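The sequence shown begins at 2 in this note's numbering and counts up by one.
In this text, a Cβ means the ideal position worked out from N, Cα and C, and glycines have one as well.
Predicted model, so just to flag it, every value in this text is computed and none were measured.
In what follows, a structure is listed as structure tokens, so that the remarks can point back to it.
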Amino acid sequence: MWPAAKSFIEHINAHGSRIALSSGEQTVTYLKLLELVSERSERLRTLGAKRVALALDNGLDWVLWDLAVLNAGLVCIPLPSFFSTAQQEHVLTSASVDCYIGKDADPIQALGFKPCAPDIALRQIGESCALHPGTCKITYTSGTTGNPKGVCLDIAAQLAVANSLYQASLPCNIEIHLCVLPLATLLENLAGVYAPLLAGARIELLPMAQIGLLGASQFELPRFLNAINTIKPNSLILLPQLLLALVTAAERGMPVPDSLRFIAVGGGRVSPQLLQRAEQLGLAVFEGYGLSECASVVCLNTPLAHKSGTTGIPLGHAEVRIGADHEVQVKGPHMLGYLGEPALADEWMGTGDLGHFDGDFLVLHGRKKNQFITAFGRNVNPEWVESELVQQLPIAQAWLYGEALPANIAVIVPRSPSIPDAELAEAINAVNLQLPDYAQVHHWIRSAEPFSASNQLATANGRLRRSALLSRYQSTINELITSEHRVGASYEFL
């Protein structure tokens, strides 16, 4: 066992006969949990596994194997199902994975894996890649360019974050948490499993399809609503788009359980307008901020310290400051380094995010690398504008560009091909009324297709590939800027 994990396991054991995990009619108490984890740890040791990839759907098995790898003192590599085949192969190869746990090992047999037990495949590794000392989990970030990067974490950093989240949620008395995001994402792994385990809560685990998340970017609201109304959880972790769906459903009179005490939202900028809508509905929504490189959550709004429009105050394990160039910098538990790169040496880690403090509360502006400067010398963070645009019902996706241009251009993906240009224009104008002139959408282009992983305009988990979007729309943007068309005219890109 990793030394720092001992107190975590002892803490879990103290919860005794409470239900720890639940999936449908299957339940596992805390005492039984440790028994099952120990059995699986011994299986891994017997097999000689060292680096274990988890390629399972959300469920009891995912949590049991994750804890078993931790208990056995091995290295866990969560393998997101929303990664492409090429990305998954990159993960397995770059991390020198020798043990694969998943329902279907056929696609990876070409990499040398051979099934040896139900849901387990092994392969011989000649020389494993070097890891940063203490690495017990490698979580891969799905960047907007190139292959995903492996973030090496030790257990102390993960448990520090989990403990901070547990302490922050104490006033809410969380008894049931429903995992909505894939467990392969570090946020749900730590905030949705480790923190509730510390609290002695019951973790509800359903396959992604039952939650309503299908594939990389499909979401079915009825399934999601059915899940939360059936389980009646006290807490959820949502991405901004999932929160938007929940709020919109509630506004339309669809049932939302009154059991919800803490709805954490993160993973992208959240529109203040959306937070206000949630507040008017009485939904307990709390925005947070974090990144894999900092072992997930850094700042969080809580019932005792809450300011709408901010990402909250730094949690107990972290210190946050703003650099001279407005970059957010974090001190405290963080990654050991990227896989295959030098160890992280600086005490303060630059996050690549821009922000400022409103009192003790952190306010984010957007990614440093995404900020553009207009021809009039004004800095614009496109995520700010894009998050406001997708608040409008007719707009599904939006990308804003204006580097060195006299006007900002937005490429708009409508929610339905049948939505007329006039309706899109009305929605864009509504957003412009809330923005300063330098950040407004001055021209817009209607896209004939969504931004997706299949057309390389977005990552598998929905983040925009800005360089690819610029390459795709550059000529149309140039034509639009040099034309004499009025501001607000639309072009359809074919």
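Practice problem: Provide the residue span of the beta strand (DSSP E) that contains Ala158, from first to last. | Solution: As a working mapping, residue 158 is identified with position 157 in the sequence shown. Segment Ile156 to Ser170 is the alpha helix (DSSP H) holding Ala158; no beta strand (DSSP E) there.
Please classify Gly283 as buried or exposed, where buried requires at least 16 neighbouring CB atoms within 10 angstroms. Here residue 283 is taken as the residue at index 282 of the sequence shown, counted from 1. Exposed, since its Cβ has fewer than 16 Cβ neighbours within 10 Å.
Could you tell me whether the Cβ atoms of Gln372 and Val386 are closer together than 9 Å?
By 1-based counting over the sequence shown, the position of residue 372 is 371. By 1-based counting over the sequence shown, the position of residue 386 is 385. Result no, Cβ atoms of Gln372 and Val386 do not sit closer than 9 Å.
Below 8 Å on the Cβ atoms is my contact criterion, and I expect Leu112 with Glu90 to pass it. Report the Cβ-Cβ distance as a whole number of Å. The residue labelled residue 112 in the question sits at position 111 within the sequence shown. The residue labelled residue 90 in the question sits at position 89 within the sequence shown. That pair is a contact at about 7 Å.
Looking at the structure shown, is Ile478 part of a helix, part of a strand, or coil, going by DSSP?
To locate residue 478, count along the sequence shown from 1; it is residue 477. Judged by DSSP in its simplified three-state form, Ile478 adopts helix.
query = Opposite Ile374 in the DSSP bridges: which residues?
reply = Against the sequence shown, residue 374 aligns to sequence position 373. Paired residue(s): Asn380.
**Prompt:** Secondary structure at Phe84, three-state DSSP: helix, strand or coil?
**Reply:** Against the sequence shown, residue 84 aligns to sequence position 83. Three-state DSSP puts Phe84 in coil, outside helix and strand.
Notebook entry, point to check: Pick from Ala344, Pro172, Ser468 and Lys233: whose alpha carbon is nearest that of Arg203?
Noted result: In the sequence shown, residue 203 corresponds to position 202, counting from 1. The shortest Cα separation from Arg203 among Ala344, Pro172, Ser468 and Lys233 belongs to Lys233.
* Taking DSSP as the reference, what is the three-state secondary structure of Phe452? -> As a position in the sequence shown, residue 452 is number 451, starting the count at 1. Coil.
Residue closest to Gly403, alpha-carbon to alpha-carbon, out of Phe358, Ile478, Tyr101 and Leu45 | Indexing the sequence shown from 1 puts residue 403 at position 402. Selected option, being the one with the closest Cα: Ile478.
### Message
Rounded to whole angstroms, what is the Cα-Cα separation between Phe84 and Met2?
### Response
As a position in the sequence shown, residue 84 is number 83, starting the count at 1. As a position in the sequence shown, residue 2 is number 1, starting the count at 1. Those two C-alpha atoms are separated by around 30 Å.
### Message
Whole angstroms are fine: how far does the CA of Gly324 sit from the CA of Ala169?
### Response
Taking the sequence shown and counting its residues from 1, one reaches residue 169 at position 168. Taking the sequence shown and counting its residues from 1, one reaches residue 324 at position 323. For Ala169 and Gly324, the distance between alpha carbons rounds to 27 Å.
(message) Judging by CA-CA distance, which residue of Glu389, Ser293, Ala306 and Arg379 is the nearest neighbour of Leu363?
(response) Stepping through the sequence shown from its first residue, residue 363 is reached at position 362. It is Ala306 whose Cα lies nearest to the Cα of Leu363.
For Leu355, does the count of other Cβ atoms within 10 angstroms reach 16, so buried, or fall short, so exposed?
-> Your numbering for residue 355 matches position 354 in the sequence shown. So Leu355 counts as buried.
message: Going by beta-carbon coordinates alone, are Ala21 and Ile10 separated by less than 9 Å?
response: Position 20 of the sequence shown holds residue 21. Position 9 of the sequence shown holds residue 10. Not a contact, by the Cβ cut-off of 9 Å.
Practice item. Within its chain, find whatever has a CB closer than 6 Å to the CB of Leu187; leave out the 5 residues flanking it on each side and keep chain order. Key: Position 186 of the sequence shown, counting from 1, holds the residue named residue 187. The residues are Thr140, Ser293 and Ser297.
Looking at Leu75 and the ligand FMN, is the gap between the Cβ and the nearest heavy atom below 8 Å? Looking for the ligand FMN in the displayed structure turns up nothing, as the structure carries no ligands at all.
- prompt: Should Ala344 go down as buried or exposed, given a rule of 16 or more other Cβ atoms within 10 Å for buried?
  reply: Working through the sequence shown from its first residue, we reach residue 344 at position 343. By the neighbour-count criterion, in which 16 or more other beta carbons inside 10 Å mark a residue as buried, Ala344 falls on the exposed side.
| What are the start and end residues of each continuous beta strand (DSSP E) run of 3 or more residues lying completely inside the segment 31-87, in chain order? | 52-56 and 76-79
Checklist entry - Going by other Cβ atoms of all chains shown within 10 Å of its Cβ, with 16 needed for buried, is Met255 buried or exposed? => result For the purposes of this step, residue 255 is taken as residue 254 along the sequence shown, with counting starting at 1. So Met255 counts as exposed.
Check your understanding: When the Cα atoms are used, what is the spatial distance from Thr375 to Val248?
Key -> As a first step, residue 375 must be located in the sequence shown, where it is residue number 374. As a first step, residue 248 must be located in the sequence shown, where it is residue number 247. Roughly 34 Å between the two C-alpha positions.
Worksheet entry | For Phe9, the residue or residues it bridges with in DSSP | To locate residue 9, count along the sequence shown from 1; it is residue 8. Paired residue(s): none; Phe9 is not in a bridge.
- Query: Looking only at C-alpha atoms, which of Lys308, Asn409 and Ile420 sits nearest to Pro437?
  - Reply: Reading the sequence shown from its first residue, position 436 is the one you call residue 437. Closest option to Pro437, Cα to Cα, is Asn409.
**Item:** Cross-strand partners of Phe287 (DSSP beta bridge)
**Value:** What you label residue 287 is simply residue 286 of the sequence shown in a count that begins at 1. For Phe287, which the question treats as bridged, DSSP gives the partners Ala265.
Minimum C-alpha distance to Tyr195 - residue among His178, Leu401 and Asp326
If you number the sequence shown from 1, residue 195 lands on position 194. Taking only the C-alpha atoms, the option nearest Tyr195 is His178.
Does the Cβ of Lys370 have 16 or more other Cβ atoms within 10 Å, making it buried, or fewer, making it exposed? Numbered from its first residue, the sequence shown carries residue 370 at position 369. That one is exposed.
Margin query: On the CB-based measure, 16 or more other CB atoms within 10 Å of its CB, does Ser1 come out buried or exposed?
Written below: For residue 1 there is no data in the structure shown, the boundaries of the chain being 2 and 495.
- Pro315 bridges to which residues according to DSSP? Within the sequence shown, numbered from 1, the residue matching residue 315 stands at position 314. Pro315 is bridged to Cys300.
Handout entry: Neighbourhood of Gly151 by C-beta, 7 Å cutoff - its chain only, sequence neighbours within 5 removed
Key = Within the sequence shown, residue 151 is the residue found at index 150, counting from 1. Closer than 7 Å at the Cβ level, and outside the excluded window around Gly151, lie Ser95, Ala96, Ile139, Tyr141, Tyr339 and Leu340.
Q: Under 8 Å by Cβ, that's how I've got Ile413 and Leu394 pegged, so tell me the actual separation to the nearest angstrom.
A: If you number the sequence shown from 1, residue 413 lands on position 412. If you number the sequence shown from 1, residue 394 lands on position 393. Not confirmed; about 13 Å, so no contact.
* Asked: So, are the CB atoms of Ile314 and Pro407 less than 9 Å apart?
  -> Numbered from its first residue, the sequence shown carries residue 314 at position 313. Numbered from its first residue, the sequence shown carries residue 407 at position 406. Their beta carbons are not under 9 Å apart, which means Ile314 does not touch Pro407 by this criterion.
Self-check item: Close Cβ partners of Ser476 (< 8 Å) along its chain, the five nearest in sequence each way excluded
Solution: Within the sequence shown, numbered from 1, the residue matching residue 476 stands at position 475. Nothing meets the Cβ criterion.
- Is the segment 197-214 in contact with the segment 19-36, if contact means three or more CB pairs nearer than 8 Å? yes
By the DSSP assignment, the beta strand (DSSP E) with Leu187 in it spans what residues? The residue you call residue 187 lines up with position 186 of the sequence shown. Counting along the chain, Leu187 falls outside any beta strand (DSSP E), though it belongs to the alpha helix (DSSP H) covering Leu187 to Asn190.
Pairing CB atoms from the segment 30-41 with CB atoms from the segment 61-78, are three or more of them under 8 Å? Verdict: yes, contact present.
Considering Arg224, what are the terminal residues of the alpha helix (DSSP H) in which it resides?
Counting from one through the sequence shown, the residue named residue 224 turns up at place 223. Where Arg224 is concerned, the enclosing alpha helix (DSSP H) stretches over Leu222 to Ile232.
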